[in-house]
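Novice: According to full-length UniProt numbering, the residues represented by the sequence shown are 510 to 786, in order. Glycine is no exception: its CB is placed at the ideal position from the N, C-alpha and C atoms. Model, not experiment: these values are computed from the prediction.
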Amino acid sequence: TAKQRNDGAVVYEESIDEGSQQSLSLLTELRRAVENNELRLFVQPKITFSSGSVVGAEALVRWQHPVRGNVFPDQFIPFAEQTGFIRVLTQWVLERSAELCHALAQRGIHLKVSVNLSTRDLLDQDLPVKVAEIFMRHHVSPGAFCLEITESAIMDDPVRAQQTLERLHAMGCDLSIDDFGTGYSSLAYLKRLPVDELKIDKSFVLNMANDVGDAKIVRSTIDLGHNMGLRVVAEGVEDDAAWNILAEMGCDQGQGYFMSRPMPADQLAGWVENWRA
Ligand code: C2E
Ligand code: CA
Ligand code: CA
Ligand code: CA
510 TAKQRNDGAV
520 VYEESIDEGS
530 QQSLSLLTEL
540 RRAVENNELR
550 LFVQPKITFS
560 SGSVVGAEAL
570 VRWQHPVRGN
580 VFPDQFIPFA
590 EQTGFIRVLT
600 QWVLERSAEL
610 CHALAQRGIH
620 LKVSVNLSTR
630 DLLDQDLPVK
640 VAEIFMRHHV
650 SPGAFCLEIT
660 ESAIMDDPVR
670 AQQTLERLHA
680 MGCDLSIDDF
690 GTGYSSLAYL
700 KRLPVDELKI
710 DKSFVLNMAN
720 DVGDAKIVRS
730 TIDLGHNMGL
740 RVVAEGVEDD
750 AAWNILAEMG
760 CDQGQGYFMS
770 RPMPADQLAG
780 WVENWRA
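#1: Check whether the Cβ of E657 lies closer than 7 Å to any heavy atom of ligand 2, and answer yes or no.
#2: For the region 719 to 751, list the alpha helix (DSSP H) runs that are entirely contained and at least 4 residues long, ordered along the chain.
#3: Quick check: what's the CA-CA separation for R669 versus I658?
#4: Any beta carbon of chain B sitting closer than 8 Å to that of K700?
#5: Going by CA-CA distance only, name the one from C760, E608 and K639 that's closest to V597.
#6: Regarding D720 and ligand 2, is the C-beta to nearest heavy atom distance less than 7 Å?
#7: Specify the secondary structure class of V622 as computed by DSSP and reduced to three states.
#8: Span of the beta strand (DSSP E) holding P554?
#9: So P554 packs on V563, CB below 8 Å; how close in whole Å?
#10: Can you tell me whether E706 sits near ligand 3, meaning its C-beta is under 7 Å from at least one heavy atom of the ligand?
#11: Go ahead and label S560 buried or exposed: buried means 16 or more other beta carbons lie within 10 angstroms of its beta carbon, across all protein chains shown.
#12: When burial is assigned at 16 or more other CB atoms within 10 Å of the CB, is Y698 buried or exposed?
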């Protein structure tokens, strides 16, 4: 049952929730994907509302499957999380992101690269050491990275997650709460964790221009973030109407199709130079 999504990706419905036989083969395929270089690092720029400068980019993984074509992360990330394979995948994303950061710096482009972390990553007590090793090997500073975490990732084992996050923050990495507002206890985590950034979930941003309720949630989240001394980022900025509303509300940074869709990492430097020109 292959279906074409409206963004062109082919979606295989049986890939995640059918029997263990198929799951086993998906795991085999994922392992092979890493070995055979089928994964691609895509990045999406983050732009400041005040000056329109590119200040960061989020790393988003893509899988170029030899038969299935472009497979999107929602088709394999949840599965990778269940099986623990996400640790291998995160390692891969961190390596590529560090390479990218180094390549950008050599062209005089200094951006913060955001990397998504999952529950299993936070439960790995060796993660801070692994991260430090990767940064050192690629000659990049931890300050050039922002780690995006969802509440569900923290919730699984809050004590252990907090320890890991405190160590990563002490190294110099920024921490961001992703999909903010979609969980159950965001506020409690905000109080306890060394957070630098809030990312307003795109579900609130997409409808803002037509839905007064969503607009109020976005405005309140921006105020909350600022009152706590945090940077606030809106994702899902799809048109100039959304851009203007967020700018007026004082949001710090935006990310979305209006500025750029995610692009292959090796196109970012050119894109940034063109954006500045
Ligand atoms: P996310 O972290 O919330 O990432 C934002 C998603 O919104 C991305 O989808 C991005 O392409 C999409 N997006 C960006 N701008 C717009 C816009 O203007 N409108 C709309 N409608 N969507 C927009 P993507 O790349 O398909 O990734 C989906 C999710 O998969 C991510 O959500 C993240 O949770 C997960 N993911 C992606 N790459 C990684 C990774 O390397 N590691 C981990 N752990 N998770 C990843
Ligand atoms: Ca994210
Ligand atoms: Ca998000
Ligand atoms: Ca999301």
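Specialist: Checking against the coordinates, here is how it stands:
#1: Here the question's residue 657 lines up with position 148 in the sequence shown. The answer is yes for E657.
#2: 721 to 736
#3: Taking the first residue of the sequence shown as 1, we reach residue 669 at position 160. Taking the first residue of the sequence shown as 1, we reach residue 658 at position 149. One C-alpha to the other measures close to 14 Å.
#4: Here chain B cannot be found, since the structure has a single protein chain.
#5: For the purposes of this step, residue 597 is taken as the residue at position 88 of the sequence shown. Here the closest residue by C-alpha is K639.
#6: Mapped onto the sequence shown, residue 720 falls at position 211. Checking every heavy atom of ligand 2 against the Cβ of D720, none is found closer than 7 Å.
#7: Counting from 1 along the sequence shown, the entry for residue 622 is found at position 113. Strand at V622.
#8: For the purposes of this step, residue 554 is identified with residue 45 of the sequence shown, where counting begins at 1. P554 -> beta strand (DSSP E) spans L548 to T557.
#9: By 1-based counting over the sequence shown, the position of residue 554 is 45. By 1-based counting over the sequence shown, the position of residue 563 is 54. At roughly 5 Å, the Cβ-Cβ gap stays under 8 Å, so P554 and V563 are in contact.
#10: Taking the sequence shown and counting its residues from 1, one reaches residue 706 at position 197. False, no ligand heavy atom lies under 7 Å from that Cβ.
#11: Within the sequence shown, numbered from 1, the residue matching residue 560 stands at position 51. The residue is exposed, with fewer than 16 neighbouring Cβ atoms inside 10 Å.
#12: In the sequence shown, residue 698 corresponds to position 189, counting from 1. It counts as buried.
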